[in-house]
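Asks:
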Amino acid sequence: MKPRETVYRCQQCGFASPKPGTCPDCKRTTGELVALVEERLAPPRGGRRVALSQGRPRPLRDVALEATPRRRTGIGELDRVLGGGVVPGSLVLIGGDPGIGKSTLILQAARALAEVAPPVLYVSAEESAAQVKLRADRLGIKADGLLLWAETDLSAVQAELDTVKPEALVIDSIQTVFLPELESAPGSVAQVRECGARLMTLAKGRGIATFLVGHVTKEGALAGPRVLEHLVDTVLYFEGEQHHAYRVLRAVKNRFGSTNEIGVFQMGERGLEEVRNPSGFFLAERPRGVPGSVIVASLEGTRPLLLELQALVAPASFGTARRTVLGADYNRVCLLLAVLEKRAGMPLANQDVFVNVAGGARVIEPGADLGVVMAAASSYLDRPVPSGTVVIGEVGLTGEVRAVTGLLARLKEAAALGFERAVVPAQALPDGVAPPLETRGVSTVHEALEALLG
Ligand code: TYD
Ligand code: MG
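Under our numbering, the first residue of the sequence shown is numbered 98, with each subsequent residue one higher.
1. Quick one: grab the DSSP three-state call for Arg146.
2. Do the stretch 502-522 and the stretch 428-439 meet, that is, are 3 or more Cβ pairs less than 8 Å apart?
3. Please specify which runs of the alpha helix (DSSP H), each continuous and at least 4 residues long, are wholly inside the stretch 250-335, giving them in chain order.
4. Give the single residue among Glu517, Leu204, Ile489 and Ala531 whose Cα lies nearest to the Cα of Thr541.
5. Which runs of the alpha helix (DSSP H) at least 4 residues long sit entirely within the stretch 368-417? Give them in chain order.
6. Please list, in chain order, all residues of the same chain as Glu535 whose beta carbon is under 8 Å from its beta carbon, the five residues on each side excluded.
7. Below 8 Å on the Cβ atoms is my contact criterion, and I expect Ala472 with Leu406 to pass it. Report the Cβ-Cβ distance as a whole number of Å.
8. Excluding the 5 residues flanking Arg177 on each side, which residues of the same chain have their C-beta closer than 6 Å to its C-beta?
9. Hey, out of Gly442, Ile268 and Ser355, whose CA is closest to Leu251's CA?
10. Would you say the stretch 173-193 touches the stretch 217-226, given that touching needs at least three Cβ pairs under 8 Å?
11. Count the other C-beta atoms from every protein chain shown that fall within 10 angstroms of the C-beta of Ile197, then say buried if there are 16 or more, exposed otherwise.
12. How long is the line joining the alpha carbons of Arg145 and Leu190, rounded to whole angstroms?
13. When the distance is taken between beta carbons, is Pro463 closer than 7 Å to Glu491?
14. Give a single yes or no on whether Lys199 has its beta carbon closer than 6 Å to a heavy atom of the ligand TYD.
15. Span of the beta strand (DSSP E) holding Arg158?
16. Quick one: measure Cβ to Cβ for Glu338 and Arg347, integer angstroms, because I've assumed they're closer than 8 Å.
17. Taking Gln109 as the reference, give the member of Leu130, Leu175, Glu370 and Arg158 with the closest Cα.
18. Opposite Gly221 in the DSSP bridges: which residues?
19. Going by DSSP, what residue range makes up the beta strand (DSSP E) through Met364?
20. From Ser376 to Leu404, what distance separates their C-alpha atoms?
21. Taking the CB atoms as reference points, tell me whether Ala240 and Glu212 lie closer together than 7 Å.
22. Skipping 5 residues on each side, what residues in its chain have a beta carbon closer than 8 Å to that of Arg440?
23. Ignore the nearest five residues each way along the sequence and tell me which others in Gly171's own chain have a CB closer than 6 Å to its CB.
24. Less than 6 Å separating the Cβ of Ser367 from some heavy atom of the ligand TYD?
25. Quickly, what does DSSP pair Lys350 with across the bridge? List them, please.
26. Any chance the stretch 225-232 sits against the stretch 270-287, with 3 or more Cβ pairs inside 8 Å?
27. Going along the chain, which residues of its own chain have a beta-carbon closer than 8 Å to the beta-carbon of Val454, five neighbours each way excluded?
28. Would Leu325 and Val289 qualify as a contact pair, given that the criterion is a beta-carbon distance under 7 Å?
29. What are the start and end residues of the beta strand (DSSP E) that includes Asp449?
30. For the stretch 458-538, list the beta strand (DSSP E) runs that are entirely contained and at least 3 residues long, ordered along the chain.
31. So Val131 is in the alpha helix (DSSP H); what residue range does that whole segment cover?
32. If you draw a straight line from the alpha carbon of Gly468 to that of Arg167, how long is it in whole angstroms?
33. Between the C-alpha atoms of Leu236 and Leu266, what's the straight-line distance to the nearest angstrom?
34. Would you kindly work out how many angstroms separate the C-alpha atoms of Val349 and Leu204, rounded to a whole number?
35. Following the continuous alpha helix (DSSP H) through Val599, name the residue where it begins and the one where it ends.
36. Which residues in the same chain as Thr421 place their Cβ atom closer than 6 Å to its Cβ, once the five residues preceding and following it in sequence are excluded?
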């Protein structure tokens, strides 16, 4: 037998060195001294190369385009995020906090796939077959084409693929399966990376659509090396607040589609249900004619989403005033409050400000800036923003209101939900296009305050 190779690997970034010591990469980027951990690798057995190569180099114009074959899972919101369905032979990684519903989503997708393209092999490396069965019963799953297997040894799974010949494979999760020829523990950088690479070879080689469930760390990144994200074709994040029913599936990388799409689900008693009208869902409980509540139209990829922003401004009782932000970017909100103070002369320095996006939603795009400013001003002045009005616009440091992308799509969504008026950036009013509702263009925060709060 050939001697085993030994490498020393950083458990944070995956840096590998033939010598022990600390990680130079982490030292350079974070200043931290991270000790390298000894790892023994079995000699490669070959066959790790992914068979992408076809013939010899040839001119681009001679390359024939083949339409990517896709298989619809039957879960519309999932298909949308995947770019129109699952591509056979692709590797999809689904990350998310524990308990958010990854296993539920993937089991529902497996059921749907088992109906259109059986068999589907669901490998549960985390829960026993009985636990998965319990969940399946709760979801009312009886599909015959769905095979369930509680197994953690990936080489056993590989051996079984020849007999089962699945069209789709689910590994729940990549951090709990292992390859016995590696000495490190499941979930370690080496295991995750090697298991990912092995699954990639299997998926591409046999044309199996493969779904991997991945855990995230406290910081919100996928646990294990970043190399896993580079390796797979698609990375999806499943997000939401533990105590809210709503969940968002977001693509952060997609070799077969756009990364801008989101899918919206609601966790119910019998699993995840698709939310076809997310705006209506988020606005269902909104109060009307109450100070501090503003409806904004944000844009998630190509999908407009109406959300309710709430602000509460109250005199600070002692010390420095507090700023608490839920569902939006903290620094951005602080910046907007500073603009409101300086450009509109609203003394907020001795006021506590709380900002929340209702329903546990999240806004991350600048089109909601003006909404944050208006909600805070409305609460401070104790004057409501007229109901039936949506607020759209990015706010700059000089108090200017800037144009946003996809204004018309946002306005259409607002009109569809029965809104009558919109306050929008002045420059962005579409030329010659009749807006679907009454619009009022504003170019500064000052003008917006006048238009909305008098
Ligand atoms: P799970 O899919 O196990 O999460 P993950 O795999 O991401 O850790 O689901 C977790 C939660 O979802 C759990 O607290 C129970 C809840 N749940 C429902 O509310 N309804 C359901 O029908 C199911 C199956 C789960
Ligand atoms: Mg799970």
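Note that the Cβ used here is the ideal one computed from N, Cα and C, for glycine as well.
Replies: In terms of the structure at hand:
1. As a working mapping, residue 146 is identified with position 49 in the sequence shown. At Arg146, the pLDDT of 48 sits below 50, so the modelled position is not reliable; the number obtained from the coordinates is stated separately. Correct three-state label for Arg146: coil.
2. no
3. 251-261, 286-303 and 324-328
4. Here residue 541 is taken as the residue at index 444 of the sequence shown, counted from 1. Cα-wise, what sits closest to Thr541 is Ile489.
5. 375-380
6. Along the sequence shown, read from residue 1 onward, the residue named residue 535 stands at position 438. Here the set comprises Glu517, Arg518 and Ala519.
7. On the sequence shown, residue 472 is found 375 positions in, with the first residue counted as 1. On the sequence shown, residue 406 is found 309 positions in, with the first residue counted as 1. About 5 Å; that satisfies the 8 Å criterion.
8. Working through the sequence shown from its first residue, we reach residue 177 at position 80. Hits under 6 Å: Glu358 and Gly360.
9. One-based indexing of the sequence shown puts residue 251 at position 154. Closest by alpha carbon: Ile268.
10. no
11. The sequence position of residue 197 within the sequence shown is 100, counting from 1. Under this definition Ile197 is a buried residue.
12. Locating residue 145 in the sequence shown gives position 48, counting from the first residue. Locating residue 190 in the sequence shown gives position 93, counting from the first residue. In this predicted model, Arg145 has a pLDDT of only 47, less than 50, meaning its place in the structure is not dependable enough to derive any value.
13. The residue you call residue 491 lines up with position 394 of the sequence shown. The residue you call residue 463 lines up with position 366 of the sequence shown. Contact: yes.
14. Locating residue 199 in the sequence shown gives position 102, where the first residue counts as 1. For the ligand TYD, at least one heavy atom lies less than 6 Å from the Cβ of Lys199.
15. Counting from 1 along the sequence shown, the entry for residue 158 is found at position 61. Where Arg158 is concerned, there is no enclosing beta strand (DSSP E), given that its DSSP letter is neither H nor E.
16. As a working mapping, residue 338 is identified with position 241 in the sequence shown. As a working mapping, residue 347 is identified with position 250 in the sequence shown. With 8 Å as the limit, Glu338 and Arg347 do not qualify as a contact, their Cβ atoms being about 14 Å apart.
17. Working through the sequence shown from its first residue, we reach residue 109 at position 12. Nearest C-alpha to Gln109: Leu130.
18. For the purposes of this step, residue 221 is taken as the residue at position 124 of the sequence shown. Checking the sequence shown, residue 221 turns out to be Ser, not Gly. Answer by DSSP bridge pairing, in chain order: Ala247 and Asp269.
19. By 1-based counting over the sequence shown, the position of residue 364 is 267. Here the beta strand (DSSP E) through Met364 covers Ile359 to Gly365.
20. Residue numbering aside, residue 376 sits at position 279 when the sequence shown is read from its first letter. Residue numbering aside, residue 404 sits at position 307 when the sequence shown is read from its first letter. Distance between the alpha carbons of Ser376 and Leu404 is about 7 Å.
21. On the sequence shown, residue 240 is found 143 positions in, with the first residue counted as 1. On the sequence shown, residue 212 is found 115 positions in, with the first residue counted as 1. Their beta carbons are under 7 Å apart, which means Ala240 touches Glu212 by this criterion.
22. Your numbering for residue 440 matches position 343 in the sequence shown. So the list reads Thr495, Gly496, Thr541, Val542 and His543, once near-sequence residues are dropped.
23. Counting from 1 along the sequence shown, the entry for residue 171 is found at position 74. The residues are Ala209.
24. Residue mapping note: residue 367 aligns to position 270 of the sequence shown, counting from 1. It is worth fixing the name first, because residue 367 is Arg in this sequence and not Ser. True, at least one ligand heavy atom lies under 6 Å from that Cβ.
25. Taking the first residue of the sequence shown as position 1, residue 350 is located at position 253. Its beta-bridge partners are Val332.
26. no
27. For the purposes of this step, residue 454 is taken as the residue at position 357 of the sequence shown. So the list reads Leu404, Glu405, Leu406, Gln407, Leu423, Gly424, Ala425 and Val460, once near-sequence residues are dropped.
28. Residue 325 sits at position 228 when you count from the first residue of the sequence shown. Residue 289 sits at position 192 when you count from the first residue of the sequence shown. Yes.
29. Here residue 449 refers to the residue found at position 352 when the sequence shown is read from its first residue. First-last of the beta strand (DSSP E) with Asp449: Gln448 to Val454.
30. 486-488 and 518-522
31. As a working note, residue 131 is residue 34 in the sequence shown. Here Val131 belongs to no alpha helix (DSSP H), and DSSP marks it neither H nor E.
32. For this step, residue 468 is matched to residue 371 along the sequence shown. For this step, residue 167 is matched to residue 70 along the sequence shown. The straight-line gap from Cα to Cα measures roughly 40 Å.
33. Taking the first residue of the sequence shown as 1, we reach residue 236 at position 139. Taking the first residue of the sequence shown as 1, we reach residue 266 at position 169. Taking the straight line joining both Cα atoms gives about 19 Å.
34. By one-based count along the sequence shown, residue 349 stands at place 252. By one-based count along the sequence shown, residue 204 stands at place 107. Cα to Cα, the separation comes out at about 21 Å.
35. This structure does not reach residue 599, given that the chain is present from 98 up to 551, and the question cannot be answered.
36. As a first step, residue 421 must be located in the sequence shown, where it is residue number 324. Closer than 6 Å at the Cβ level, and outside the excluded window around Thr421, lie Phe451.
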